[in-house]
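Residue numbers (the numbering used here), protein chains in the order written: chain X, 2 to 308; chain W, 42 to 496; chain R, 3 to 387.
In what follows, a structure is listed as structure tokens, so that the remarks can point back to it.
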Amino acid sequence: MFAYWQNFFRKHGAALSVFLLASVGFWIFMMILLPQAFMLDFSLRANVPPPKWGSDAHHYTAEHYRYMLYGSAQSVDSYNFVDLSVFARTIVAAIFVTLIDLALCYPVAYYLAHAATGGWRRLMVLSLIVPFWVNELLRAFAFKIMFGGNGIINNALLWLGVIDQPYDFIRNSVALYSGLSYAYILLMIFPIYNAVESLDRNQIEAARDLGSPWWRIHKRVVIPHAKPGITSGCTMVFMLTAGALAAPQILGGPSSLWFTQIIYQAFNQAGNWARGSAYAIILLVVCILFVLLMMRVFKVKLGEIAR
Amino acid sequence: MTPRFILTAERVRNGFAALFVLGFFAYLFGPLIIMGVTAFNSSAFPRMSPFECFTVEWFDVLANDAKLVEGLRNSLFIGVGVVLLAVPLGLSGALMLTQVKERVRPWYYTIVISPILVPGVVLGISTLLFWDRIGTMFGASRDSIFYDGFFLTIIGQATFISAYTMLVFISRLQRFDVSQEEAALDLGATHVQTFRKILLPFLKPAILSAAVLAFLASFENYNTTVFTIVSESTLTTFLAGKVRHGINPSISALAVIIVVITLLGAALHEVLKRREAAAEKETARIAAGELARRRRVKPFALEPAVLLIALVFVAGLGSAYFAGTIGVEECKAQVKAEKIRQAQERTRQREAKAMFQNAPAASEAAGQQIQSTDKSERAGVSQFQGIFDVGNLKDQAGADDGGDGAAQQSPLGTENFNPIFAPQNLSPPIDSSGDNRNDNRSDGDNRNDNRGGDQ
Amino acid sequence: MSADVQLDEVWIRFGDFVAARDINISIRQGEFFSFLGPSGCGKTTLLRAVSGFLQPSQGRVSIGGRDMAGIGPNKRPTALIFQNLALFPLMTVWENITFALEVRGAGRAARRKKAEELLELIALPGQGEKMVSELSGGQRQRVAIARALAAEPSVLLLDEPLSALDLKLRQHMRTELRAIQRRVGITFIYITHDQGEALTMSDHVAVMSHGVIEQVGDGNSIYNRPESAFVASFVGENNLFSGTVAATDDAYVTVDSPAGRLRARHAMRGGKAQLAAGDSAFVFVRPESLKFAAGASSASAEASSTEASSSTGALDNRIGARIHQQEFEGNFWQVFCDVDGVDKRVKLSMVNDGASMGRGPGEEVTLGFNADLAVALPQGELAAE
Chain X
2 MFAYWQNFFR KHGAALSVFL LASVGFWIFM MILLPQAFML DFSLRANVPP PKWGSDAHHY
62 TAEHYRYMLY GSAQSVDSYN FVDLSVFART IVAAIFVTLI DLALCYPVAY YLAHAATGGW
122 RRLMVLSLIV PFWVNELLRA FAFKIMFGGN GIINNALLWL GVIDQPYDFI RNSVALYSGL
182 SYAYILLMIF PIYNAVESLD RNQIEAARDL GSPWWRIHKR VVIPHAKPGI TSGCTMVFML
242 TAGALAAPQI LGGPSSLWFT QIIYQAFNQA GNWARGSAYA IILLVVCILF VLLMMRVFKV
302 KLGEIAR
Chain W
42 MTPRFILTAE RVRNGFAALF VLGFFAYLFG PLIIMGVTAF NSSAFPRMSP FECFTVEWFD
102 VLANDAKLVE GLRNSLFIGV GVVLLAVPLG LSGALMLTQV KERVRPWYYT IVISPILVPG
162 VVLGISTLLF WDRIGTMFGA SRDSIFYDGF FLTIIGQATF ISAYTMLVFI SRLQRFDVSQ
222 EEAALDLGAT HVQTFRKILL PFLKPAILSA AVLAFLASFE NYNTTVFTIV SESTLTTFLA
282 GKVRHGINPS ISALAVIIVV ITLLGAALHE VLKRREAAAE KETARIAAGE LARRRRVKPF
342 ALEPAVLLIA LVFVAGLGSA YFAGTIGVEE CKAQVKAEKI RQAQERTRQR EAKAMFQNAP
402 AASEAAGQQI QSTDKSERAG VSQFQGIFDV GNLKDQAGAD DGGDGAAQQS PLGTENFNPI
462 FAPQNLSPPI DSSGDNRNDN RSDGDNRNDN RGGDQ
Chain R
3 MSADVQLDEV WIRFGDFVAA RDINISIRQG EFFSFLGPSG CGKTTLLRAV SGFLQPSQGR
63 VSIGGRDMAG IGPNKRPTAL IFQNLALFPL MTVWENITFA LEVRGAGRAA RRKKAEELLE
123 LIALPGQGEK MVSELSGGQR QRVAIARALA AEPSVLLLDE PLSALDLKLR QHMRTELRAI
183 QRRVGITFIY ITHDQGEALT MSDHVAVMSH GVIEQVGDGN SIYNRPESAF VASFVGENNL
243 FSGTVAATDD AYVTVDSPAG RLRARHAMRG GKAQLAAGDS AFVFVRPESL KFAAGASSAS
303 AEASSTEASS STGALDNRIG ARIHQQEFEG NFWQVFCDVD GVDKRVKLSM VNDGASMGRG
363 PGEEVTLGFN ADLAVALPQG ELAAE
């Protein structure tokens with residue numbers, strides 16, 4: 002080990018070595034690992050006001066995790082149905098949104114990669130980037146305008162005679178799901194596009210030449226090749242959707258909460274940082290499990306997911 | 042199956058595919074375009090139809106919003122801070138990746154890449170808690186750096202943005218020829234000189250694109266910022282508060298500005314990427330020992346993307362100019378009059394139905410306003426409106442006649458817009474069309490400081 | 003002349019793999035010295051140890067009498083020309099050339115002047131403002147040399163710098179390199195797997211195989227007096243007969259082979275005899291040392307014109323063979339013969355003296371060679387084809 006560092010310093014010179022080690026060390030420990038560790042520690046302690054942090058009152062307890070399951074001691078329900086149902090709804094909806102995005106993006110990515118040509122293709126790919134960089138909040142705002150009681154969609158439907166009353170898209174979560182699908186769709190399309198694009202056209206031609214119908218070409222040739230991209234896209238979309246805060250705050254109906262909103266409330270309205278931390282840990286664990294699951298099921302490496 | 046049949050089937054399929062893609066892009070851009078249009082509609086509620094009057098007043102409202110300007114300034118400051126932190130960190134992270142031992146590398150990579158996969162809210166919370174604890178440990182005062190919203194936000198955002206920039210650097214470094222570095226060392230350069238004169242120039246395009254990326258990512262971040270910003274506000278937290286507590290077209294106006302900046306940013310990003318790619322090819326050619334010939338690079342201005350962006354700009358400027366030639370105020374007054382007239386109409390109908398004896402005061406007041414508008418000016422405006430909505434013109438004709446016959450003369454128009462002018466919709470424009478638009482409290486107000494409360 | 007670069011008992015290991023094994027080499031000042039060997043033999047590793055990019059696991063590298071242990075590449079009086087040249091693509095030609103001066107803090111004017119001088123030397127005057135990418139392969143080659151020379155090294159190291167060039171340019175650059183070396187008068191250490199390059203340019207050649215130096219000598223001794231089976235098979239073409247030593251003295255060895263009893267020179271190594279009776283041995287004969295001999299089983303061979311020219315001296319060895327194929331190359335005839343008990347076809351090269359070959363495939367012939375033109379060596383590893 003000593004020889005390694007000796008060699009490291011010789012290879013980079015003292016100044017660069019110190020800079021590299023210091024900055025990477027700061028990043029890894031002070032920004033990534035320790036904050037998470039502190040959050041875990043904090044979530045396992047009693048909820049006391051800041052001046053008492055570190056005192057005896059700030060003892061270890063699992064009460065916040067218990068609260069997530071069973072609710073407060075005063076509650077008549079045997080389980081904390083409110084939080085658990087929000088949690089379940091968030092996860093299920095995130096999976097649902099992920100599947101919608103996959104269904105939308107795969108054909109488009111394939112078309113862009115193998116049917117479009119030249120300048121058009123570049124233009125289309127570039128124009129994919131633009132909405133991606135428009136603020137998440139503004140994208141949600143655009144959906145709020147569109148789906149509002151007198152928004153363009155209601156107007157169009159009324160004009161077409163499909164409905165005779167404005168439909169409340171917000172209260173029925175349609176706006177939320179559309180907005181969430183929209184918000185992270187580009188994190189689905191780019192990995193798939195990159196993966197599909199790297200497929201040798203000749204393979205498709207060969208499969209076609211051998212008399213394979215188009216759906217079998219996709220099943221046997223294109224999808225297996227694009228698997229890392231699909232995995233990456235699904236993982237990113239799921240994580241971001243499950244962890245989204247802006248879109249649910251703006252597009253969510255009054256009765257439908259997102260799990261991140263509960264965390265937000267714990268911090269900013271209930272003033273219960275400890276419970277907020279515990280819930281954040283739960284969200285983090287779910288995300289880690291999801292990544293591990295994707296890696297296991299699709300047999301891809303982490304490096305292929307995060308790109 | 043004859044070959045001809047296969048071809049046809051394929052064509053049909055391709056047609057469907059093209060339609061699907063077209064629909065996809067409509068889905069992608071539709072919301073942005075609708076939002077953009079609402080920014081220029083004088084209607085106080087952001088909507089596209091009916092398009093009342095073309096106006097740029099929402100931009101004025103925006104510019105006069107002190108909270109917004111403050112949030113914007115904070116966002117810019119934080120963005121710069123994040124660039125200054127995340128670019129060196131990402132660069133170090135990428136350089137380190139090439140140096141760590143084979144055995145350690147997967148672990149190292151997992152750790153530094155993990156912030157990308159961790160939800161933003163989790164990062165925000167952990168950053169907030171961690172520095173709070175550190176501050177407590179050192180007994181730092183409440184207004185020290187550990188509790189400073191700017192510091193926390195820069196650190197919190199840089200945690201994952203550094204991973205983004207690192208990915209940019211990794212992909213560039215993968216194409217670096219290590220013998221370049223060795224050659225420089227061999228020629229007597231020190232390590233620092235080699236880094237400065239060989240590696241940095243090679244990484245320059247990547248540094249630029251990483252900086253753009255870092256700034257944009259910081260600028261638009263909400264999830265992490267909302268926890269770390271404490272009592273300050275950024276553009277996004279300001280925006281979130283505004284959007285949640287009632288919406289008005291000044292947000293659309295802001296969106297238009299951001300979209301325009303984004304377009305420019307995307308164009309810049311593209312330029313940098315193309316430069317990098319060109320330099321790449323150059324290096325590859327040198328490595329291949331290919332005979333050199335000056336390559337002609339297609340002028341950037343001829344790229345379809347650039348053309349499109351330029352077109353959008355010209356169209357925007359053109360319509361702004363066009364709108365400028367027509368009096369916005371007159372148009373608005375006219376629209377207002379029209380609304381009042383319709384309100385009167387309804388009132389009259391109600392009166393007729395319920396056989397009410399006393400005319401409401403509102404209709405009288407409205408009647409006076411109608412008289413004050415100049416007919417000849419209105420005629421000019423109606424032309425402009427016709428461009429956007431034929432239905433408006435019909436209404437207009439009715440309005441010009443004024444008085445009692447209006448309802449009979451334009452039944453179609455009234456029917457068309459009935460739902461839109463329904464009383465519950467009509468009220469916000471009338472109420473808030475004036476000066477009380479900027480009553481949108483920043484979210485910061487009520488979110489403000491649990492910390493303070495906890496103490 | 004003093005030893006400029008000296009390697010004493012140098013070992014280089016990568017984990018369990020030994021890249022260089024007990025290397026002892028002394029290179030004199032002003033010499034053109036080549037390391038020749040197939041790829042993977044450790045020659046580049048050795049060069050990197052000299053230039054300072056890696057530290058030997060054991061042993062000593064000294065340059066100009068100074069031990070180089072712990073001295074980095076930027077502090078050594080060496081300059082390396084990389085296989086891919088490693089020119090800096092973001093700099094102009096003159097900036098590339100004077101990079102070594104730039105890092106020493108030389109002023110711009112001084113650098114410009116030096117650049118012009120060196121551009122003159124490499125016959126590219128006035129090309130300084132060009133980008134590297136605008137040069138041809140040969141020009142880049144020369145810029146790389148100039149860049150290295152600008153550092154004013156006492157030793158120039160070249161790592162197969164010509165391998166990327168096409169054949170014609172390569173041959174031209176050989177001459178040019180040699181000329182430049184004579185002009186500047188510094189030590190050149192040259193790495194190559196191309197024996198033609200090594201033999202034409204070098205004062206001395208070290209032949210390497212599997213991390214071991216097989217032989218060091220000038221081109222003539224490497225070609226004509228190989229000291230190991232590897233060198234004999236790697237440098238130039240050689241026919242090989244394997245057998246058992248029947249008798250040996252200091253000068254000659256007699257070997258019993260399937261082709262018959264063969265007599266060949268006894269190759270010494272470090273002044274020591276390498277063979278004793280009963281040892282397994284290889285006898286190597288160059289194609290140009292083989293002759294058609296009288297006393298062949300076929301009558302027509304005796305009558306041939308070639309026989310007349312070669313029969314003046316009695317041939318020490320005779321082998322019965324059958325012509326398989328003959329190729330006409332203008333100045334040479336190449337004849338491939340089957341010999342019973344020998345796996346590889348025996349090749350014979352004959353100068354085309356204007357007369358017809360007078361032989362055809364399938365013909366039985368007798369091949370002969372003098373013992374002085376053949377060499378007997380202990381059996382050992384052979385170079386891959």
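Glycine is no exception: its CB is placed at the ideal position from the N, C-alpha and C atoms.
As the structure is a computational prediction, the values presented were derived from the model and not from experiment.
Taking the beta strand (DSSP E) that residue i falls in, what are its first and last residues?
i: R265 (chain R); result: 262 to 268
i: I65 (chain R); result: 60 to 65
i: Y192 (chain R); result: 189 to 194
i: D340 (chain R); result: 334 to 340
i: V157 (chain R); result: 157 to 161
i: D24 (chain R); result: 19 to 30
i: S351 (chain R); result: 348 to 353
i: E329 (chain R); result: 319 to 330
i: M210 (chain R); result: 206 to 211
i: F86 (chain W); result: Per DSSP, F86 (chain W) belongs to no beta strand (DSSP E) and is neither H nor E.
Between which two residues does the alpha helix (DSSP H) containing residue i stretch?
i: S53 (chain R); result: 45 to 53
i: F35 (chain R); result: Careful: F35 (chain R) lies outside any alpha helix (DSSP H), inside the beta strand (DSSP E) at 34 to 38.
i: N203 (chain X); result: 202 to 210
i: V298 (chain X); result: 274 to 299
i: T231 (chain W); result: Where T231 (chain W) is concerned, there is no enclosing alpha helix (DSSP H), given that its DSSP letter is neither H nor E.
i: E199 (chain R); result: 197 to 203
In this structure, does DSSP put residue i in helix, strand or coil?
i: W216 (chain X); result: helix
i: R144 (chain R); result: helix
i: K394 (chain W); result: helix
i: K170 (chain R); result: helix
i: E304 (chain R); result: Interpretation of E304 (chain R) is limited by its pLDDT of 38, a score under 50 that renders its predicted location unreliable; the figure taken from the coordinates is listed afterwards. Three-state result, E304 (chain R): helix.
i: A71 (chain R); result: coil
i: N115 (chain W); result: helix
i: Y61 (chain X); result: strand
i: H286 (chain W); result: coil
i: Q266 (chain X); result: helix
i: R46 (chain X); result: strand
i: D6 (chain R); result: strand
Assuming residue i and residue j are in contact, meaning their beta carbons sit under 8 Å apart, how far apart are those beta carbons, in whole angstroms?
i: V209 (chain R); j: G39 (chain R); result: 6 Å
i: H228 (chain X); j: F299 (chain X); result: According to the sequence provided, residue 228 (chain X) is Lys. The question's His does not apply to it. About 6 Å separates the two Cβ atoms, so the contact holds.
i: L158 (chain W); j: V292 (chain X); result: 6 Å
i: G197 (chain W); j: G165 (chain W); result: 5 Å
i: I190 (chain X); j: C106 (chain X); result: 4 Å
Next on the checklist: For the pair the stretch 242 to 252 of chain R and the stretch 50 to 60 of chain R, tell me if three or more CB-CB distances fall below 8 Å.
Outcome noted: no
Item to check | Those runs of the beta strand (DSSP E) which lie wholly inside the stretch 213 to 280 of chain R and span at least 3 residues | outcome: 214 to 219, 241 to 250, 254 to 259, 262 to 268
Next on the checklist: Three or more C-beta pairs under 8 Å: does that hold for the stretch 79 to 92 of chain R against the stretch 220 to 237 of chain W?
Outcome noted: yes
Checklist entry - Do the stretch 275 to 293 of chain W and the stretch 89 to 107 of chain W meet, that is, are 3 or more Cβ pairs less than 8 Å apart? => result yes
Next on the checklist: I want to know whether the stretch 315 to 327 of chain R touches the stretch 366 to 386 of chain R - three or more CB-CB distances under 8 Å.
Outcome noted: yes
Checklist entry - Contact between the stretch 49 to 65 of chain W and the stretch 80 to 100 of chain X: three or more CB pairs below 8 Å? => result no
Item to check | Those runs of the alpha helix (DSSP H) which lie wholly inside the stretch 168 to 229 of chain W and span at least 4 residues | outcome: 190 to 214, 219 to 227
Next on the checklist: Taking contact to mean 3 or more Cβ pairs, one atom from each stretch, closer than 8 Å, check whether the stretch 211 to 225 of chain X and the stretch 272 to 284 of chain X are in contact.
Outcome noted: no
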